[in-house]
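Be aware that the sequence shown starts at 466, since it is given in the working numbering, and climbs by one per residue.
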Amino acid sequence: MFPSYTLSNGVSAPSIIVGTFQHRNEGDLNDLIRHAINHGYRAFDTAPSYQNELMLGNIFSSLLNEGNIRRKDLFLIDKIDGWQMHASKGDVRPYFEEALRKLQLEYLDLLLIHWPFPEYLLETWDVFEQIYNAGLARSIGLCNVEVRHLQRVIQQASIVPHVVQVERHPLNSVSDVITYCHKNGIVVQGYSPVCRMLPKVAASPVIEVIAEKYKKSKGQIIMRWHFDTEVAPVFMTTREERLIEYADEVQSFRLDEGDIAAINGMNEDFKLFLGSRACPGY
Ligand SMILES: NC(=O)c1ccc[n+]([C@@H]2O[C@H](COP(=O)([O-])OP(=O)(O)OC[C@H]3O[C@@H](n4cnc5c(N)ncnc54)[C@H](OP(=O)(O)O)[C@@H]3O)[C@@H](O)[C@H]2O)c1
Numbered sequence: 466m467f468p469s470y471t472l473s474n475g476v477s478a479p480s481i482i483v484g485t486f487q488h489r490n491e492g493d494l495n496d497l498i499r500h501a502i503n504h505g506y507r508a509f510d511t512a513p514s515y516q517n518e519l520m521l522g523n524i525f526s527s528l529l530n531e532g533n534i535r536r537k538d539l540f541l542i543d544k545i546d547g548w549q550m551h552a553s554k555g556d557v558r559p560y561f562e563e564a565l566r567k568l569q570l571e572y573l574d575l576l577l578i579h580w581p582f583p584e585y586l587l588e589t590w591d592v593f594e595q596i597y598n599a600g601l602a603r604s605i606g607l608c609n610v611e612v613r614h615l616q617r618v619i620q621q622a623s624i625v626p627h628v629v630q631v632e633r634h635p636l637n638s639v640s641d642v643i644t645y646c647h648k649n650g651i652v653v654q655g656y657s658p659v660c661r662m663l664p665k666v667a668a669s670p671v672i673e674v675i676a677e678k679y680k681k682s683k684g685q686i687i688m689r690w691h692f693d694t695e696v697a698p699v700f701m702t703t704r705e706e707r708l709i710e711y712a713d714e715v716q717s718f719r720l721d722e723g724d725i726a727a728i729n730g731m732n733e734d735f736k737l738f739l740g741s742r743a744c745p746g747y
């Protein structure tokens with residue numbers, strides 16, 4: 466079983482999350498989620514732009530009705546997209562309610578702002594606080610932020626974000642955001658955690674030597690690096706083998722300081738996902 470993080474409001478959040486981006490076939494998604502649950506995963510991540518909320522609603526509703534899992538044991542994450550912030554000028558509540566309807570849920574475990582568009586960032590955060598205070602989201606946070614976005618929100622908000630989700634892998638270690646979050650009691654989730662195993666990662670001599678040393682796969686080493694640096698990876702796969710690869714065995718060892726430093730040293734601020742042009746400074 467995977468360990469959990471305790472968010473600043475006391476909510477327990479799994480330390481590894483299964484992403485669903487680019488999963489648009491309900492049969493495949495159903496298989497993936499059932500396999501993931503069988504292998505101990507409890508957290509799942511989506512967004513309106515992934516176009517699978519309706520499918521996920523059907524899948525989770527079936528699982529819950531079959532009694533295979535209880536709602537309180539799942540940790541379900543959805544987001545408000547940038548276009549929704551713009552279209553509603555930050556009054557995003559109707560989009561949130563639509564997401565709950567599609568997902569057939571009474572509440573979310575984590576609601577995230579997908580992109581910190583400056584125009585409606587504070588207005589959207591204000592609505593997030595209302596949603597949180599109404600008990601419709603057990604935690605709230607932001608994605609794709611720089612420290613300056615967080616400072617702006619924290620200065621004006623009543624609730625400090627519980628979670629931040631950013632692109633994080635050996636080629637993009639985002640240490641400034643992580644340090645800031647950890648100082649402020651914010652749990653960090655890292656998406657694209659293995660950088661899709663691009664050749665630069667898969668063929669990295671640094672990862673290769675460490676994998677050899679611990680007798681683990683390269684993917685397991687990178688996942689362990691996230692855990693050992695207190696980041697919860699949000700990964701995606703189409704294969705059950707990968708779910709098994711990243712499950713129990715990754716919990717059975719720790720990287721030593723030198724190996725963590727060596728992987729940190731691979732950073733080159735490389736991003737798979739470009740920042741938004743509407744977020745000045747990226
Ligand atoms: N908040 C945001 O703005 C945001 C943005 C992007 C993504 N996300 C979330 O993050 C999740 C993961 O993103 P991602 O897909 O970019 O990340 P990823 O987990 O780094 O990459 C997944 C891809 O890498 C392959 N892969 C994984 N382990 C491998 C290994 N050991 N060897 C070879 N190939 C391997 C997988 O193939 P297989 O199918 O063969 O395993 C899959 O094609 C998304 O699903 C989404 O939920 C969030």
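All residues carry an ideal CB built from backbone N, CA and C; glycine is no exception.
Next on the checklist: For Met662 and Asn637, I'd like the C-alpha separation in whole angstroms.
Outcome noted: Indexing the sequence shown from 1 puts residue 662 at position 197. Indexing the sequence shown from 1 puts residue 637 at position 172. If I take the Cα positions, the gap works out to 13 Å.
Item to check | Simplified DSSP state of Gln569, which is helix, strand or coil | outcome: For the purposes of this step, residue 569 is identified with residue 104 of the sequence shown, where counting begins at 1. If DSSP states are grouped into helix, strand and coil, Gln569 belongs with coil.
Next on the checklist: Does Asn530 pass the burial test, meaning 16 or more other C-beta atoms within 10 Å, or should it be called exposed?
Outcome noted: Walking along the sequence shown from the start, residue 530 turns up at place 65. With fewer than 16 other CB atoms across the displayed protein chains lying within 10 angstroms of its CB, Asn530 is exposed.
Next on the checklist: Does Arg704 pass the burial test, meaning 16 or more other C-beta atoms within 10 Å, or should it be called exposed?
Outcome noted: Taking the first residue of the sequence shown as position 1, residue 704 is located at position 239. Flag for Arg704 reads exposed.
Item to check | Rounded straight-line distance, which links the Cα of His579 to that of Asp724 | outcome: Numbered from 1 along the sequence shown, position 259 holds the residue referred to as residue 724. Numbered from 1 along the sequence shown, position 114 holds the residue referred to as residue 579. Rounded to whole angstroms, Asp724 and His579 show a C-alpha spacing of 32 Å.
Next on the checklist: Quick check on Tyr645: buried or exposed, where buried means 16 or more other Cβ atoms within 10 Å of its Cβ?
Outcome noted: If you number the sequence shown from 1, residue 645 lands on position 180. Result: buried.
Checklist entry - Measuring CB to CB, does Phe467 end up less than 9 Å from Tyr506? => result By one-based count along the sequence shown, residue 467 stands at place 2. By one-based count along the sequence shown, residue 506 stands at place 41. Yes.
Checklist entry - In whole angstroms, what separates the C-alpha of Ser526 from that of Ser640? => result As a working mapping, residue 526 is identified with position 61 in the sequence shown. As a working mapping, residue 640 is identified with position 175 in the sequence shown. Just so you know, the alpha carbons of Ser526 and Ser640 end up roughly 38 Å apart.
Checklist entry - Helix, strand or coil: how does DSSP classify Phe582 here? => result If you number the sequence shown from 1, residue 582 lands on position 117. Looking at Phe582 - three-state DSSP - the assignment turns out to be coil, as it is neither helix nor strand.
Checklist entry - Do you know how far the Cα of Leu528 is from the Cα of Cys608? => result Working through the sequence shown from its first residue, we reach residue 608 at position 143. Working through the sequence shown from its first residue, we reach residue 528 at position 63. If you take the alpha carbons of Cys608 and Leu528, they lie about 28 Å apart.
Item to check | Ala697 beta carbon near ligand 1 (any heavy atom closer than 8 Å) | outcome: As a first step, residue 697 is located in the sequence shown; it is residue number 232 there, counting from the start. It does not: the Cβ of Ala697 is nowhere closer than 8 Å to a heavy atom of ligand 1.
Next on the checklist: Cutting at 7 Å between CB atoms, please list the residues of its own chain near Met731, excluding the five before and the five after it.
Outcome noted: If you number the sequence shown from 1, residue 731 lands on position 266. Within the same chain, and ignoring the five residues on either side of Met731 in sequence, the residues whose Cβ sits closer than 7 Å to its Cβ are Pro635, Leu636, Ser669, Val671.
Next on the checklist: Taking 8 Å as the cut-off, is the beta-carbon of Gln630 closer than that to any non-hydrogen atom of ligand 1?
Outcome noted: On the sequence shown, position 165 is the one that residue 630 refers to. True, at least one ligand heavy atom lies under 8 Å from that Cβ.
Item to check | Supposed contact pair Val557 and Ile542 - C-beta distance, whole angstroms, cut 8 Å | outcome: One-based indexing of the sequence shown puts residue 542 at position 77. One-based indexing of the sequence shown puts residue 557 at position 92. Rounded, the Cβ-Cβ distance is 16 Å, inconsistent with contact.
Checklist entry - Say the cut is 8 Å; is the CB of Phe540 nearer than that to a heavy atom of ligand 1? => result Counting from 1 along the sequence shown, the entry for residue 540 is found at position 75. It does not: the Cβ of Phe540 is nowhere closer than 8 Å to a heavy atom of ligand 1.
Item to check | Pick from Lys665, Leu575, Leu720, Thr694 that is closest to Tyr679, judged by C-alpha positions | outcome: Taking the sequence shown and counting its residues from 1, one reaches residue 679 at position 214. With respect to the C-alpha of Tyr679, the residue from Lys665, Leu575, Leu720, Thr694 having the closest C-alpha is Leu720.
Item to check | Where Ser717 falls, given that 16 or more other Cβ within 10 Å makes a residue buried | outcome: As a working mapping, residue 717 is identified with position 252 in the sequence shown. Exposed, by the Cβ-count rule.
Checklist entry - Regarding Gly505 and ligand 3, is the C-beta to nearest heavy atom distance less than 8 Å? => result Ligands present in the displayed structure are limited to ligand 1, and ligand 3 is not among them.
Item to check | Minimum C-alpha distance to His627 - residue among Lys648, Val652, Ile643 | outcome: Here residue 627 refers to the residue found at position 162 of the sequence shown. Nearest of Lys648, Val652, Ile643 to His627, Cα basis: Val652.
Checklist entry - So what does DSSP say about Ser657, is it helix, strand or coil? => result In the sequence shown, residue 657 corresponds to position 192, counting from 1. DSSP places Ser657 in coil when its eight states are reduced to three.
Next on the checklist: Beta-carbon within less than 6 Å of Arg689's beta-carbon, same chain only, minus the 5 sequence neighbours each way: which residues are those?
Outcome noted: In the sequence shown, the residue the question calls residue 689 occupies position 224. If we look at Arg689 and ignore the five residues flanking it on each side, its Cβ neighbours are Val715, Leu720.
Item to check | Inter-stretch contact (C-beta, 8 Å, three-pair minimum) for the region 605-623 and the region 487-502 | outcome: Proximity of the region 605-623 to the region 487-502 falls short of the contact definition, fewer than three beta-carbon pairs being nearer than 8 Å.
Next on the checklist: Which same chain residues end up closer than 8 Å to Lys736 when comparing Cβ atoms and leaving out the 5 residues on each side of it in sequence?
Outcome noted: Working through the sequence shown from its first residue, we reach residue 736 at position 271. Within the same chain, Lys736 has close Cβ partners Glu632, Asn637.
Checklist entry - Mapping DSSP to helix, strand and coil, what is His634? => result If you number the sequence shown from 1, residue 634 lands on position 169. In the three-state DSSP reduction, His634 falls in the strand class (E or B).
Checklist entry - Does the distance from the CB of Ile534 to the CB of Asn495 come in under 9 Å? => result Sequence index remark: in the sequence shown, residue 534 carries index 69 (1-based). Sequence index remark: in the sequence shown, residue 495 carries index 30 (1-based). In this structure, Ile534 lies away from Asn495, with their beta-carbon atoms at least 9 Å apart.
Next on the checklist: With the cut-off set at 9 Å, would you say Leu586 and Gly555 are in Cβ contact?
Outcome noted: Sequence index remark: in the sequence shown, residue 586 carries index 121 (1-based). Sequence index remark: in the sequence shown, residue 555 carries index 90 (1-based). Contact flag set, yes.
Checklist entry - Would Tyr656 pass as a contact of Gln685 if the rule is Cβ separation under 9 Å? => result In the sequence shown, the residue the question calls residue 656 occupies position 191. In the sequence shown, the residue the question calls residue 685 occupies position 220. Taking 9 Å as the Cβ cut-off, Tyr656 and Gln685 do not qualify as a contacting pair.
Next on the checklist: Give me, in chain order, the residues of the same chain whose beta-carbon lies closer than 8 Å to that of Leu472; leave out the 5 immediate sequence neighbours on both sides.
Outcome noted: Here residue 472 refers to the residue found at position 7 of the sequence shown. Ala478, Ser604, His627, Val628, Val652.
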